[in-house]
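One structure is given below, encoded as structure tokens.
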Amino acid sequence: MPQEWLQRWREGRIGFHRSETHPVLRKYWKTLGVPVGAKVLVPLCGKSLDMRWLAEQGYPVLGIELAPEAIEQFLAEGEGEVSRYHQGYFGVYRQANVELWCGDFFHVHVEQAKEFQAFYDRAALIALPPATRQRYAFHLAQLLPPGARGLLVSLTHPGGPDAGPPFSVGEEEVHQLLAPNFELVLLETCPPDDRGLSEQVWSLCRRGPGRVDEGA
Ligand SMILES: C[S@@+](CC[C@H](N)C(=O)[O-])C[C@H]1O[C@@H](n2cnc3c(N)ncnc32)[C@H](O)[C@@H]1O
Numbered sequence: 001m002p003q004e005w006l007q008r009w010r011e012g013r014i015g016f017h018r019s020e021t022h023p024v025l026r027k028y029w030k031t032l033g034v035p036v037g038a039k040v041l042v043p044l045c046g047k048s049l050d051m052r053w054l055a056e057q058g059y060p061v062l063g064i065e066l067a068p069e070a071i072e073q074f075l076a077e078g079e080g081e082v083s084r085y086h087q088g089y090f091g092v093y094r095q096a097n098v099e100l101w102c103g104d105f106f107h108v109h110v111e112q113a114k115e116f117q118a119f120y121d122r123a124a125l126i127a128l129p130p131a132t133r134q135r136y137a138f139h140l141a142q143l144l145p146p147g148a149r150g151l152l153v154s155l156t157h158p159g160g161p162d163a164g165p166p167f168s169v170g171e172e173e174v175h176q177l178l179a180p181n182f183e184l185v186l187l188e189t190c191p192p193d194d195r196g197l198s199e200q201v202w203s204l205c206r207r208g209p210g211r212v213d214e215g216a
């Protein structure tokens with residue numbers, strides 16, 4: 001699957017990318033009550049403009065993305081000087097209040113993640129095949145301290161569970177994956193588009209204290 005994503009970026013097959021800030025981020029982020037200045041983790045970030053919006057609202061962002069093309073395009077489309085260096089498995093890039101780590105999300109070590117207080121997942125969980133989603137949910141919980149809040153934008157479509165990415169991840173599976181370590185509330189189910197794709201918006205709060213539960 002990582003090779004498929006790299007290939008997609010090389011070929012410019014990035015239909016998931018939005019040319020504007022996602023309306024549900026604008027609508028719901030402030031309702032989470034995340035204090036301004038809190039660092040926001042954006043896993044599987046692509047070149048999402050949502051990161052720029054969060055940074056403009058006063059939240060330093062750390063995005064994690066596999067494809068160098070995504071990161072180069074994000075930086076080229078932004079303004080401000082770029083600093084680049086290496087840290088562990090990752091190429092690290094910084095432009096204004098956005099830091100991007102180029103590499104595999106599953107290589108982010110808990111020790112590197114101490115300062116996150118919030119997160120934003122749009123099309124990250126649903127980018128992953130069934131067998132990897134449990135690992136993702138567990139890893140995300142490991143990287144966040146108790147009390148961390150975030151938004152999850154998941155997706156359902158009529159293609160069946162094996163069709164994707166994007167994969168259709170229903171409400172029941174979202175609960176099954178995330179409820180062991182997060183309190184979650186479904187905020188909105190967006191009307192389906194002409195292909196039957198519908199996004200669901202969830203508010204999450206990392207449970208705690210205590211160890212991370214690996215779930216079912
Ligand atoms: C569906 S796209 C969503 C991108 C972004 N969140 C957005 O809303 O535009 C999923 C992204 O995850 C990246 N990706 C897939 N697996 C990854 C992994 N293990 N670590 C980091 N990035 C990954 C892909 O390259 C792709 O850019």
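Note that UniProt numbering has the sequence shown beginning at 1, numbered continuously upward. Glycine included, C-beta positions come from ideal geometry on N, C-alpha and C. All values derive from a computational prediction rather than experimental measurement.
When you compare only the Cα positions, how much space is there between residue i and residue j?
i: Gln-3; j: Pro-158; result: 26 Å
i: Leu-184; j: Leu-178; result: 8 Å
i: Gly-80; j: Gln-57; result: 17 Å
i: Val-82; j: Gln-200; result: 34 Å
i: Leu-128; j: Pro-165; result: 7 Å
i: Gly-33; j: His-139; result: 24 Å
i: Pro-180; j: Ala-148; result: 15 Å
i: Glu-69; j: Leu-187; result: 33 Å
i: Tyr-89; j: Arg-18; result: 28 Å
i: Gln-142; j: His-109; result: 9 Å
i: Tyr-85; j: Glu-11; result: 26 Å
Quick one: using the 10 Å Cβ neighbour count with 16 as the cut-off for buried, is residue i buried or exposed?
i: Gln-7; result: exposed
i: Met-1; result: exposed
i: Arg-122; result: buried
i: Trp-203; result: Looking at the sequence itself, residue 203 is Ser, so the reference to Trp does not match. When all chains shown are included, Ser-203 counts as buried.
i: Gln-22; result: Looking at the sequence shown, residue 22 is not Gln but His. Counting Cβ neighbours within 10 Å, His-22 comes out buried, since at least 16 surround it.
i: Lys-30; result: exposed
i: Lys-27; result: exposed
i: Lys-114; result: exposed
Please tell me whether residue i and residue j are closer than 7 Å, where the distance is taken between their beta carbons.
i: Leu-144; j: Phe-116; result: yes
i: Val-40; j: Leu-49; result: no
i: Gly-63; j: Val-42; result: yes
i: Leu-75; j: Gln-95; result: yes
i: Ser-198; j: Cys-190; result: yes
i: Gln-87; j: Lys-47; result: no
Suppose the cutoff is 8 Å on Cβ atoms and the five residues either side in sequence are ignored; what does the same chain contact list for residue i look like?
i: Asp-162; result: Pro-130
i: Ser-168; result: Ile-126, Leu-155, Thr-156, His-157, Pro-158, Gly-159, Gly-160, Pro-161
i: Ala-118; result: Leu-32, Val-34, Ala-38, Lys-39, Val-40, Leu-41, Tyr-59, Ala-148, Arg-149, Gly-150
i: Glu-77; result: Lys-47
Leaving out five residues on either side along the sequence, give the residues of the same chain with a beta carbon under 6 Å from the beta carbon of residue i.
i: Val-174; result: Ser-154
i: Gly-91; result: Cys-102
Residues in its own chain within less than 7 Å of residue i by CB, not counting five upstream and five downstream?
i: Met-51; result: Val-42, Cys-45, Val-61, Gly-63, Val-98
i: Tyr-136; result: Leu-125, Leu-128
i: Trp-5; result: Leu-66, Ala-67
i: Gly-170; result: Thr-156
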